[in-house]
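Undergrad: Before we start, here is the structure in question, set down as structure tokens.
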Amino acid sequence: MSDIYKFLEENGIEYERFDHPAVFTCEEADLLNIEMPGVSTKNLFLRDKNGKRHFLVTVDKDKQVDLGKLKEILEVSKLSFASEERLQKHLGLTPGSVTLLGVMNDSDCAVEVIVDEEIWGKALQCHPLINTASLVLEVEGLKSFLEKTKHIPRIIKIPQKTDSD
Numbered sequence: 002m003s004d005i006y007k008f009l010e011e012n013g014i015e016y017e018r019f020d021h022p023a024v025f026t027c028e029e030a031d032l033l034n035i036e037m038p039g040v041s042t043k044n045l046f047l048r049d050k051n052g053k054r055h056f057l058v059t060v061d062k063d064k065q066v067d068l069g070k071l072k073e074i075l076e077v078s079k080l081s082f083a084s085e086e087r088l089q090k091h092l093g094l095t096p097g098s099v100t101l102l103g104v105m106n107d108s109d110c111a112v113e114v115i116v117d118e119e120i121w122g123k124a125l126q127c128h129p130l131i132n133t134a135s136l137v138l139e140v141e142g143l144k145s146f147l148e149k150t151k152h153i154p155r156i157i158k159i160p161q162k163t164d165s166d
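Residue numbers (the numbering used here): 2 to 166.
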């Protein structure tokens, strides 16, 4: 696993760090009651039907994503969660540690970064490749990080599930 802190410092990307016990879900993170600035996010690592395209989708932690509508926007026939093996292969991460910062391990740029327009432009909370800390990065730092990792984020309105779904 790459050293995220070294990468951030070498590239002049500022962050605020908050150490905490391991958390595996957004609900567990909420129970810690740590006051952090920025938007608490959740990240979905998805794949298309044939496993040829992979997507890292970042949204507000409370958003319930409508995968059926999202597949239409992304122009794929089917969208499902990628396996643990694919998560490890493409992002070098384990379940519970999925983070936007994981694309630093995607040197082939095989993962498409999708960020909800509702949170883009705000400071975001991200795991530093492990789930025992959270980092807060301002939008300029995130833009710089994605540029340095050669990932151009697609900023779109991520569809939310409705009560009728």
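Where is the CB? At the ideal position from N, CA and C, for every residue including glycine.
#1: Assuming the contact rule is C-beta atoms closer than 8 angstroms, residue 163 and residue 22 should be a hit. Round their C-beta distance to whole Å, please.
#2: Rounding to the nearest angstrom, what Cα-Cα distance links residue 159 and residue 8 in this structure?
#3: Would you kindly work out how many angstroms separate the C-alpha atoms of residue 2 and residue 58, rounded to a whole number?
#4: For residue 65, count neighbouring C-beta atoms within 10 Å of its own C-beta (all shown protein chains included) and say buried if the count is 16 or more, exposed if not.
#5: If you reduce the DSSP assignment to three classes, tell me which class residue 1 lands in.
#6: If contacts are defined as beta-carbon pairs under 8 angstroms, then residue 92 and residue 112 qualify, I think. What distance do you get, rounded to the angstrom?
#7: Spatial neighbours of residue 30 within its chain, please: CB distance less than 6 angstroms, with the 5 preceding and 5 following residues excluded, ordered by chain position.
TA: Concretely, from the data shown:
#1: Here the question's residue 163 lines up with position 162 in the sequence shown. Here the question's residue 22 lines up with position 21 in the sequence shown. The Cβ separation is near 35 angstroms, so there is no contact.
#2: Residue numbering aside, residue 159 sits at position 158 when the sequence shown is read from its first letter. Residue numbering aside, residue 8 sits at position 7 when the sequence shown is read from its first letter. When rounded, the distance between both Cα atoms is 29 angstroms.
#3: Here residue 2 is taken as the residue at index 1 of the sequence shown, counted from 1. Here residue 58 is taken as the residue at index 57 of the sequence shown, counted from 1. Note that residue 2 scores 40 on pLDDT, short of 50, meaning its location in the model is unreliable; the coordinates nonetheless yield the value given after this. Going from the Cα of residue 2 to the Cα of residue 58 covers about 21 angstroms.
#4: Taking the sequence shown and counting its residues from 1, one reaches residue 65 at position 64. Residue 65 comes out exposed.
#5: It is not possible to answer for residue 1, since the shown part of the chain is limited to 2 through 166.
#6: The sequence position of residue 92 within the sequence shown is 91, counting from 1. The sequence position of residue 112 within the sequence shown is 111, counting from 1. About 7 angstroms; that satisfies the 8 angstroms criterion.
#7: Counting from one through the sequence shown, the residue named residue 30 turns up at place 29. The answer, listed in chain order, is 24.
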